[in-house]
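Written below as structure tokens is the structure these notes are about.
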Amino acid sequence: MEKKITPKVHPRSILGLVMKWHFILKLSPSYELAHLYRTGLLSAKEFFSKVAEPETVLNTYDDFGYTWNSDFGSWHKSVGKKLFRPLNASTEVKTIMHLRNGREVDRANFENAMWRVAFEREENGRPPRLILSVPLDISTKKALRGVEEKIVTYKKLHDQAISDLMIKNKPKYTPLTTKLRTSAINNSIKIVSLKITHPDWPLWKIGAKYKINPAVSSEILAKESEIKKIRSAGKRPNKRDNASAQKILINTLTSRFIRYGFLLAENAARGRFPSIDPILNSDGSKAPTKYDFLWMHEILVTNMKKLGHELPE
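In this text, residue positions in the sequence shown follow this note's numbering: the first is 472, and each later residue adds one.
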């Protein structure tokens with residue numbers, strides 16, 4: 472059986488960030504409220520009173536859709552490519568066709584090649600090409616001089632048209648340039664996801680399970696295993712052996728990443744990603760950065776059942 476090869480996506484590439492953006496919208500309380508409002512399960516009064524920048528969230532929801540309803544591949548094909556229009560049309564000089572004396576030209580193939588070269592850049596949001604005919608019975612020097620003259624002439628003629636085209640084809644959404652490390656973004660997303668999956672777990676257990684600090688996490692898990700054995704033997708464990716100092720450290724780290732995750736998700740719901748800027752109310756005050764993990768867990772369970780999937784561990 473032939474092994475299926477899945478191409479790697481660089482985490483800092485536009486596609487890698489768009490994948491994270493598509494996923495993290497599932498972790499946004501505001502985005503979920505927008506879904507409830509758009510599907511008639513939440514009143515306008517409730518939605519607009521609960522959500523900061525409500526119109527911005529609704530705009531993002533209307534553009535992206537409810538990301539629980541489709542996997543990334545399907546979503547990107549039908550929606551993502553329109554929102555994040557690629558600006559990577561070929562910049563190579565191309566040969567459309569080499570016309571030889573006495574050779575009959577396949578008109579359909581020629582027209583198809585001409586159309587593809589003429590319009591593929593515009594479709595990808597880039598300025599058009601200049602299509603030239605170069606006779607091969609002149610010197611290379613003369614040919615290059617003629618090509619240069621044509622390029623200069625047409626660039627001057629089309630400067631404004633090119634500028635207008637770039638504005639017209641600007642992507643609706645673009646991932647932000649940020650100093651946030653990829654590891655911080657990934658840790659935040661995964662820790663929030665784990666806490667939503669296990670809302671009853673204390674923060675130290677979330678951090679230890681994820682191994683947010685491998686050495687300290689291993690120490691905590693070893694201590695917890697010892698305590699479990701002592702209790703199963705009907706004995707009472709010594710309170711000094713519960714790794715309290717290590718748990719405080721992991722609690723602090725986990726809490727920080729949950730805060731980052733919340734802000735990443737809430738900014739993503741407002742068309743900004745990746746960003747951990749505070750979310751502001753209409754009066755300029757900061758909106759609370761707090762999850763209702765039990766509610767988010769209910770949403771997770773509901774959607775996983777609809778998809779026919781088991782809850783992640």
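Even for Gly, the Cβ is constructed at its ideal location relative to N, Cα and C.
Model, not experiment: these values are computed from the prediction.
For residue j and residue i, the rounded distance between their alpha carbons
i, j, result
"N583", "R600", "15 Å"
"P606", "K552", "40 Å"
"S549", "N530", "18 Å"
"L511", "K718", "What sits at residue 511 in the sequence shown is Gly, not Leu. Cα to Cα, the separation comes out at about 43 Å."
"I609", "V623", "21 Å"
"E526", "D533", "10 Å"
"A704", "T760", "43 Å"
"R509", "V772", "21 Å"
"I695", "L778", "According to the sequence displayed, residue 695 carries Glu and not Ile. So the two alpha carbons sit approximately 35 Å from each other."
"E620", "A579", "31 Å"
"E769", "A693", "32 Å"
"N774", "Y762", "18 Å"
"G617", "T611", "10 Å"
"M767", "K626", "55 Å"
"K776", "H547", "23 Å"
"N657", "A686", "20 Å"
"F535", "D577", "44 Å"
"S726", "L665", "13 Å"
"T566", "A515", "58 Å"
"F581", "T649", "46 Å"
"E575", "V564", "25 Å"
Cβ pair residue i, residue j closer than 7 Å
i, j, result
"Y681", "I667", "no"
"L734", "G678", "no"
"F744", "W492", "yes"
"L498", "A736", "yes"
"A740", "S520", "no"
"P670", "F764", "yes"
"N738", "S746", "yes"
"F543", "M490", "yes"
"T538", "L496", "yes"
"I691", "A714", "yes"
Contacting residues, own chain, Cβ-Cβ under 6 Å from residue i (five flanking each side not counted)
i, result
"P749", "K757"
"L651", "P745"
"A614", "V605"
Own chain partners of residue i with C-beta closer than 8 Å, once the 5 adjacent residues on each side are dropped
i, result
"L513", "L504, L507"
"S545", "none"
"S689", "K682"
"F789", "There is no way to answer for residue 789, as the model of the chain reaches only from 472 to 784."
"E781", "M775"
CA nearest to the CA of residue i, picked from the options
i, options, result
"L720", "N738, I495, N684", "N684"
"G755", "A515, I485, E524", "E524"
"N722", "P783, Y762, W675, A686", "W675"
"N540", "P642, V564, D577, F494", "F494"
"I485", "T566, E575, K776, P642", "P642"
7 Å Cβ shell around residue i - same chain, five flanking residues per side excluded
i, result
"Y644", "L554, F555, G742"
"Y731", "A655, S659, I747"
"L647", "R743, F744, P745, S746"
"V528", "S501, Y502, A505, V522, A740, R741"
"E784", "none"
C-beta neighbour in chain C for residue i, strict 7 Å
i, result
"Y644", "The structure shown has no chain C; it contains just one protein chain."
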